[in-house]
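**Q** Let me begin by handing over the structure; questions about it come next.
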Ligand SMILES: Cc1cc2nc3c(=O)[nH]c(=O)nc-3n(C[C@H](O)[C@H](O)[C@H](O)COP(=O)(O)O)c2cc1C
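Residue numbers (full-length UniProt numbering): 1 to 202.
The structure is reproduced here in structure tokens:
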């Protein structure tokens with residue numbers, strides 16, 4: 001489908017989508033560094049920056065370990081990415097000398113990932129978030145301490161044609177849509193749209 005924003009936004013937000021067909025070409029460090037730099041500037045509760053990123057580029061010593069974490073259906077396409085990232089978040093923070101649970105560790109890691117995705121797109125690279133992987137295996141094989149949550153994996157790569165993609169994914173290889181704002185933003189509590197329908201029309 002063609003994506004159309006219902007209200008004015010920077011094209012970046014509707015242009016980002018998650019393909020599965022990747023060229024597999026090497027990703028320059030400059031691209032990765034810019035994307036991680038964008039992630040670094042995400043907001044977080046008390047500015048604790050709970051996110052951490054574990055990186056494997058295709059061909060790195062850790063590459064097959066990262067690919068081996070993926071659910072088989074995800075491995076079919078994600079092994080042609082240029083790099084895979086495992087996103088972690090630290091579960092606790094220190095506030096006035098006391099270590100407490102950080103209730104927004106996942107929320108903040110999510111903000112960092114979208115910064116990463118948008119900066120990568122600005123440089124001509126696509127990303128694809130992945131929840132379908134073995135978190136227990138990731139914790140063991142990547143030696144992730146218990147005080148970090150394992151949030152998600154991300155594939156990054158250059159968009160390729162359908163010829164590189166397993167046929168079972170061909171039909172879904174296109175940008176998808178979104179629920180309208182009047183089913184998303186409510187006045188005070190769930191139920192009544194916050195904006196009159198006519199103002200929310202596409
Ligand atoms: C946390 C997270 C987990 C996801 N897990 C998977 C996955 O395991 N496999 C997959 O093919 N896509 C996965 N996706 C991609 C989503 O399906 C995709 O982002 C969503 O359909 C919206 O499409 P878009 O990113 O193209 O806008 C995941 C995305 C996120 C953010």
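The beta-carbon is built from N, C-alpha and C at its ideal position, and this holds for glycine as well.
I'd like the list of long-range same chain contacts for residue 132, defined as Cβ closer than 6 Å, with 5 residues on each side in sequence excluded.
**A** Excluding residues within five positions, the ones whose Cβ falls inside 6 Å are 71 and 74.
**Q** Quick one: what's got a C-beta closer than 7 Å to residue 11's C-beta in the same chain, skipping five residues either side?
**A** Excluding sequence neighbours, residue 11 sits near nothing in its chain.
**Q** Please report the straight-line C-alpha distance between residue 56 and residue 87, rounded to a whole angstrom.
**A** Residue 56 and residue 87: Cα-Cα distance of roughly 12 Å.
**Q** Cutting at 8 Å between CB atoms, please list the residues of its own chain near residue 191, excluding the five before and the five after it.
**A** Once the five neighbours on either side are set aside, residue 191 has no close Cβ partner at all.
**Q** Heavy atom of ligand 1 less than 7 Å from the Cβ of residue 50, yes or no?
**A** Checking every heavy atom of ligand 1 against the Cβ of residue 50, none is found closer than 7 Å.
**Q** Quick one: is residue 108 buried, meaning 16 or more other Cβ sit within 10 Å of its Cβ, or exposed?
**A** Classification of residue 108: buried, given that the 10 Å Cβ count is 16 or more.
**Q** So what's residue 203 in DSSP terms, helix, strand or just coil?
**A** Only positions 1 to 202 of the chain appear in the structure, and residue 203 is not among them; the question remains open.
**Q** Flag this pair as yes or no: are the beta carbons of residue 126 and residue 159 separated by less than 8 Å?
**A** Yes, these two residues count as a Cβ contact at 8 Å.
**Q** Is the distance from the Cβ of residue 130 to the Cβ of residue 171 below 8 Å?
**A** For residue 130 and residue 171, no; Cβs fall outside 8 Å.
**Q** Count the C-beta pairs between the segment 130-149 and the segment 26-36 that are closer than 8 Å, then say yes if the count reaches three, no if not.
**A** With the cut-off at 8 Å, the segment 130-149 and the segment 26-36 do not touch.
**Q** Could you tell me the boundaries of the beta strand (DSSP E) in which residue 56 lies?
**A** Here the beta strand (DSSP E) through residue 56 covers 51-57.
**Q** Return yes when the C-beta of residue 152 is under 7 Å from any heavy atom of ligand 1, and no when it is not.
**A** Yes; taking the cut-off as 7 Å, the Cβ of residue 152 has a heavy atom of ligand 1 nearer than that.
**Q** Return the chain-ordered list of same chain residues with a C-beta closer than 8 Å to the C-beta of residue 26, the five sequence neighbours on each side being excluded.
**A** Same-chain partners within the cutoff: 57, 58, 59 and 82.
**Q** For residue 100, which three-state DSSP category applies?
**A** Residue state, collapsed to three classes: strand.
**Q** Per DSSP, which one or two residues make a beta bridge with residue 148?
**A** In DSSP, residue 148 forms a bridge with 90.
**Q** So what's residue 69 in DSSP terms, helix, strand or just coil?
**A** Residue 69 falls in the coil class under three-state DSSP.
**Q** Would you say residue 74 touches ligand 1, meaning its beta carbon is less than 7 Å from a heavy atom?
**A** It does: the Cβ of residue 74 is within 7 Å (strictly closer) of some heavy atom of ligand 1.
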